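Under my numbering, the first residue of the sequence shown carries the number 2, and numbering increases by one thereafter.
For every residue, glycine included, the Cβ atom is placed at its ideal position computed from N, Cα and C.
In this text the structure is predicted, and so the values were computed from the model without any measurement.
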Amino acid sequence: MVRPAPPPGLKVSVIGRQVSVLSDLSTGALFGVLTVLIMMSAFFSGSETALMTLNRYRLKHQADAGHPAALRASALLQRPDRLIGLILLGNNLVNILASSLATIIALRLGGEAAIAVAAGLLTLVILIFAEVTPKTLAALHPERLAFPAAFVYTPLLKLTYPMVWLVNFFANGLLRLLGVSAEETQGNALSGEELRTVVAEAGALIPKKHKSMLINILDLEKSQVEEIMIPRNEIDGIDLQDPDEEIERQLQNSPYTLVPVFDGGIDNIVGFLHMRKLVHARAKGELSKKMIREICDPPYYIPEGTPLNVQLINFQRSRRRVALVVDEYGDLLGLLTLVDLLEEIVGEFTTDPSDSEQEIQPQPDGSYLIAGSANIRDLVRRKHWDLPIDGPRTINGLITEYMEAIPEPGTSLLLEGYHVEILQSNENSVKMIRFHPVKHR
């Protein structure tokens, strides 16, 4: 078969003697080479998308575990400018070769008139088979393409490094003119909200209970110690000014391991009495007020406004489990325990239901009897009611803030969309309410 000479002025050779050699092949062989070039173009396009869409945290975990492909992919992504330069260099090379072969085939089959048709068909074929399809597959299954590609690109980058370096030299120079440094890769650190989204979107990968605990840990920094502390009027303790019989009775009936000890009132804290020390003291002789004072642990004070995540670390560092919360003037506001703080993460795990049963009691008509001292955060966590948690801490505080007065028994109101009826109150607080959980809009 005689190869027709190209018309005058037509630039058939785009990349030099390579095309001249290819033009000596038969038409069938040219179609075969063109198919291989399109497949190579698909490989370059798909692997680029796959490598760039790899989950960096999963990749780091796999690399730390010694996964060979993950190690190579991670090394390549350390300098994305070199990787992109290599991929685009190879992709453009095979696309130019494919275009040149399409031109030769068109000239053989239909002359100059077929060149435009060949260009259109090649564009459509490359778009479908070498761009959209492989890139979509790579976006859906990045590891399936990225890991095999990493074995190819690692030696190929070493082989073509001078050419890649030259391309990057000019590209990075242009970036520096725009104020961008290719050596400074963007950090992979996630913000708290981003990490919360990752946990929430983990689906079945993380059990529901564990997911809730992780989110609660992230939310610790949003809450402060005064939001979960036991108010000072609810602190139970031993007053050394009480008679010995009363102190003995309180010690015998105390359900706590650590008991606050006062001397003439809650504002004069002596310390915390550990029941284990009490047992040892009793074994040595008769218990006295002087002995109680001597075996008490000194009080541990923390300021209001301390974030819960900070206080959790402070508890660990100080090896304490109970702290007294004070305001800026040093006045006692309440008491915080490590158990209360941990329950913010794992939920309630105490076995004594008496407090919960007293604070909230379901009724046959679907309503609830709720004590005015009930903590709003606990109600929101347990019942998922839409009540504000960034204001007053108790139901009593929420109602009195809303009404700007102490309501009389029998008063009804619409509180945050919920129907509330005041059942018991005195001159300074609301004691009991009836709460209807159906929200009215």
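Work out the CA separation of N234 and P208 for me, nearest whole Å.
For the purposes of this step, residue 208 is identified with residue 207 of the sequence shown, where counting begins at 1. For the purposes of this step, residue 234 is identified with residue 233 of the sequence shown, where counting begins at 1. P208 and N234 have their C-alpha atoms spaced approximately 39 Å apart.
Starting from G33 and walking both ways along the alpha helix (DSSP H), at which residues does that stretch end?
Along the sequence shown, one-based indexing puts residue 33 at 32. T28 to M53 is the span of the alpha helix (DSSP H), which, as asked, contains G33.
Beta-carbon within less than 7 Å of L157's beta-carbon, same chain only, minus the 5 sequence neighbours each way: which residues are those?
Within the sequence shown, residue 157 is the residue found at index 156, counting from 1. Excluding positions up to five away in sequence, the list reads L87.
So, using beta-carbon positions, are M276 and G373 closer together than 9 Å?
Residue 276 sits at position 275 when you count from the first residue of the sequence shown. Residue 373 sits at position 372 when you count from the first residue of the sequence shown. The Cβ atoms of M276 and G373 do not sit closer than 9 Å to each other.
Between V153 and chain D, is the shortest Cβ-Cβ distance under 9 Å, so that the two count as touching?
Protein chains in the displayed structure number just one, and chain D is not present.
If we ignore side chains and look at the alpha-carbon of each, how far apart do K212 and Q362 end up?
One-based indexing of the sequence shown puts residue 212 at position 211. One-based indexing of the sequence shown puts residue 362 at position 361. Those two C-alpha atoms are separated by around 29 Å.
On the DSSP bridge list, what partners appear for P308?
Residue numbering aside, residue 308 sits at position 307 when the sequence shown is read from its first letter. In DSSP, P308 forms a bridge with Q225.
Sort D328, K290, M214 and P232 by Cα distance to R382 and report the nearest one.
Position 381 of the sequence shown, counting from 1, holds the residue named residue 382. Comparing Cα positions, the closest option is M214.
Please list, in chain order, all residues of the same chain as L146 whose beta carbon is under 6 Å from its beta carbon, the five residues on each side excluded.
As a working note, residue 146 is residue 145 in the sequence shown. The residues are G47, S48, A51 and A139.
Measure the C-alpha to C-alpha separation of F436 and N427 and round it to an integer number of angstroms.
Here residue 436 refers to the residue found at position 435 of the sequence shown. Here residue 427 refers to the residue found at position 426 of the sequence shown. Looking at the two C-alpha atoms, the distance is approximately 19 Å.
Taking the straight line between their C-alpha atoms, what separation do you get for S289 and P256?
The residue given as residue 289 occupies position 288 in the sequence shown. The residue given as residue 256 occupies position 255 in the sequence shown. Cα to Cα, the separation comes out at about 21 Å.
In terms of residues, what are the limits of the alpha helix (DSSP H) holding V95?
Taking the first residue of the sequence shown as 1, we reach residue 95 at position 94. Element bounds for V95: P81 to G111.
Rounded C-beta distance between V271 and C297? I'm assuming under 8 Å.
Numbered from its first residue, the sequence shown carries residue 271 at position 270. Numbered from its first residue, the sequence shown carries residue 297 at position 296. V271 to C297, Cβ: 5 Å. Contact.
Ignoring anything shorter than 4 residues or poking outside the segment 270-330, list the alpha helix (DSSP H) runs there in chain order.
Whole alpha helix (DSSP H) segments, 4+ residues: 276-285, 290-296 and 309-319.
DSSP on T155, reduced to helix/strand/coil?
For the purposes of this step, residue 155 is taken as residue 154 along the sequence shown, with counting starting at 1. T155 falls in the helix class under three-state DSSP.
Three-state secondary structure (DSSP) at M230?
Counting from 1 along the sequence shown, the entry for residue 230 is found at position 229. The answer is coil: DSSP assigns M230 none of H, G, I, E or B.
Report yes if the C-beta distance between I236 and L336 is below 9 Å; otherwise report no.
In the sequence shown, counting from the first residue as 1, residue 236 sits at position 235. In the sequence shown, counting from the first residue as 1, residue 336 sits at position 335. Closer than 9 Å, so yes.
Please classify K285: is it buried, with 16 or more other beta-carbons within 10 angstroms of its beta-carbon, or exposed?
One-based indexing of the sequence shown puts residue 285 at position 284. Counting Cβ neighbours within 10 Å, K285 comes out exposed, since fewer than 16 surround it.
With the cut-off set at 9 Å, would you say L342 and F316 are in Cβ contact?
Residue 342 sits at position 341 when you count from the first residue of the sequence shown. Residue 316 sits at position 315 when you count from the first residue of the sequence shown. Yes, these two residues count as a Cβ contact at 9 Å.
Is H211 helix, strand or coil by DSSP?
On the sequence shown, residue 211 is found 210 positions in, with the first residue counted as 1. H211 falls in the helix class under three-state DSSP.
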